[in-house]
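J.: One structure, pasted below without further comment.
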């Protein structure tokens, strides 16, 4: 199935801004994060089709996943 | 006619009062500057310092801001700009927490960090700054970390809490405290060229959602640092949320996250 992946801010470094990819049916958010080699400490909030989602969210054909770095400074 | 009315006729015939007259009035009435300004605003007299607020905020609203208590947790990058703006806006009572002292590496972005404040307490420096801007503000400085039990007691009586922390676990703790106390929390955070903002009301779990993948102390800022404009932008947005909460006016950023990346000039507002 086709999934659009959008990366934000520092997660773009060495990767991409937006990319379409073909993933196996029933792929989860976690599979995409691992496939991009995003370490747990570099992972912030994730949105699927503009709504927040957790790592266990099962993806569907045509979904857009947006991945942000954690922001914690003050 | 009481003494206050007589003085008002002399010193504020136009409904506006200057700072010198306000000080004279406080002295004549034997009141603190905070009490004097509270009485003036309650009688519809506007201190001149708020004259440029007046087209956007009514006199009644200016009075409501002055009667409000706001807590700012952290006096670093976000906290410095927040305290500056809240004091200038005329929030009457402000409490601030920070256990840290200024260091040279704060000079790139923290408004209160100056050559002469290196090594000085952040919250005590903030107290001096607020006093210098608006001596009518009642400022309470807590020179210690924000801790759940004590913090809960000290937050009682505040209307809004502002997150200007630099630790993800402490933010989660603060969000839980605000939930227990039914207090609105205005969250802000910064890293590198980026920043984010969200307002959490009682019963909402926005901060849990924002940081559910983050078990570490810090975010991207541990590698990216923070640039000067990031705290200025986020703190200003937070100050606007505070004013809207206090006045019950406008559209708040509830159950949504604003994320911006100034390097690519992108602003995203996403549903939580």
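Protein chains in written order, with our numbering: chain A, 8 to 81; chain B, 80 to 351.
Yeah, the Cβ is synthetic: ideal placement off N, Cα and C, and Gly gets one too.
1. Pick helix, strand or coil for residue 289 of chain B, following the three-state DSSP scheme.
2. Which two residues bound the contiguous beta strand (DSSP E) that contains residue 219 of chain B?
3. With 16 other CB atoms within 10 Å as the buried threshold, where does residue 221 of chain B fall?
4. Is the region 144–153 of chain B touching the region 169–187 of chain B in the sense that three or more CB pairs, one from each, lie closer than 8 angstroms?
5. What number of angstroms, rounded off, separates the C-alpha of residue 50 of chain A from the C-alpha of residue 268 of chain B?
6. Confirm, please, whether the CB-CB distance from residue 245 of chain B to residue 253 of chain B is below 7 angstroms.
7. Relative to the ligand COA, is the shortest distance from any of its heavy atoms to the C-beta of residue 310 of chain B smaller than 6 angstroms?
8. Run through the region 223–275 of chain B for me and flag every whole alpha helix (DSSP H) of 4 or more residues, listed as ranges in chain order.
9. Would you say residue 243 of chain B reaches chain A, if we count a Cβ-Cβ gap shorter than 7 angstroms as a contact?
10. Looking at chain A, is there any beta carbon in it that lies within less than 7 angstroms of the beta carbon of residue 293 of chain B?
11. Can you look up residue 145 of chain B in the DSSP assignment and give me helix, strand or coil?
12. Taking only beta-carbon atoms, is residue 269 of chain B less than 7 angstroms away from chain A?
13. According to a CB-to-CB cut-off of less than 8 angstroms, which residues of the region 35–52 of chain A neighbour chain B?
14. Between residue 262 of chain B and the rest of its own chain, which residues show a CB-CB distance below 6 angstroms, the 5 nearest in sequence each way excluded?
15. Kindly provide the ranges of any alpha helix (DSSP H) runs that are 4 or more residues long and lie completely inside the region 114–162 of chain B, ordered along the chain.
16. In terms of DSSP beta bridges, what is residue 54 of chain A paired with?
17. If the cut is a Cβ gap below 8 angstroms, which residues of chain B does residue 62 of chain A touch?
18. With a threshold of 16 other CB atoms inside 10 Å of the CB of residue 137 of chain B, please say whether the residue is buried or exposed.
19. Run through chain B and tell me which residues come within less than 8 angstroms of residue 21 of chain A, C-beta to C-beta.
20. In chain A, which residues lie less than 8 angstroms from residue 305 of chain B when you measure between Cβ atoms?
21. According to the neighbour-count rule (16 or more other Cβ atoms, all chains shown, within 10 Å of its Cβ), is residue 285 of chain B buried or exposed?
22. So residue 314 of chain B packs on residue 157 of chain B, CB below 8 angstroms; how close in whole Å?
23. Going along the chain, which residues of its own chain have a beta-carbon closer than 7 angstroms to the beta-carbon of residue 33 of chain A, five neighbours each way excluded?
24. Classify residue 63 of chain A as buried or exposed, calling it buried when 16 or more other Cβ atoms lie within 10 Å of its own Cβ.
25. Residue 175 of chain B bridges to which residues according to DSSP?
T.: A quick look at the data gives this:
1. Of the three classes helix, strand and coil, the one that applies to residue 289 of chain B here is helix, per DSSP.
2. Here the beta strand (DSSP E) through residue 219 of chain B covers 217–221.
3. Result: buried.
4. Of all C-beta pairs linking the region 169–187 of chain B to the region 144–153 of chain B, three or more are shorter than 8 angstroms, placing the two stretches in contact.
5. Taking the straight line joining both Cα atoms gives about 15 angstroms.
6. Not in contact: residue 253 of chain B and residue 245 of chain B (Cβ atoms no closer than 7 angstroms).
7. Although the ligand COA was asked about, the structure shown includes no ligands whatsoever.
8. Correct list: 227–234 and 247–259.
9. Output row for residue 243 of chain B: interface = yes.
10. Yes, because at least one Cβ of chain A sits closer than 7 angstroms to the Cβ of residue 293 of chain B.
11. If DSSP states are grouped into helix, strand and coil, residue 145 of chain B belongs with the helices.
12. Closer than 7 angstroms to some Cβ of chain A, the Cβ of residue 269 of chain B qualifies, so yes.
13. Residues of the region 35–52 of chain A whose Cβ lies closer than 8 angstroms to any Cβ of chain B, in chain order: 47, 48, 49, 50, 51 and 52.
14. Within the same chain, residue 262 of chain B has close Cβ partners 240.
15. Contiguous alpha helix (DSSP H) elements confined to the region 114–162 of chain B occur at 138–145, taking only those with 4 or more residues.
16. A/59 and A/73.
17. Those are 292, listed as they occur along chain B.
18. Under this definition residue 137 of chain B is an exposed residue.
19. What residue 21 of chain A touches in chain B: nothing, since even the nearest Cβ is about 13 angstroms away.
20. Ordered by position in chain A, the residues that pass the 8 angstroms Cβ test against residue 305 of chain B are 80.
21. Of the other Cβ atoms in all chains shown, 16 or more fall within 10 Å of the Cβ of residue 285 of chain B; this residue is therefore buried.
22. A Cβ-Cβ separation of about 5 angstroms places residue 314 of chain B in contact with residue 157 of chain B under the 8 angstroms criterion.
23. Here the set comprises 65.
24. Label assigned to residue 63 of chain A: exposed.
25. DSSP lists B/151 and B/220 as partners of residue 175 of chain B.
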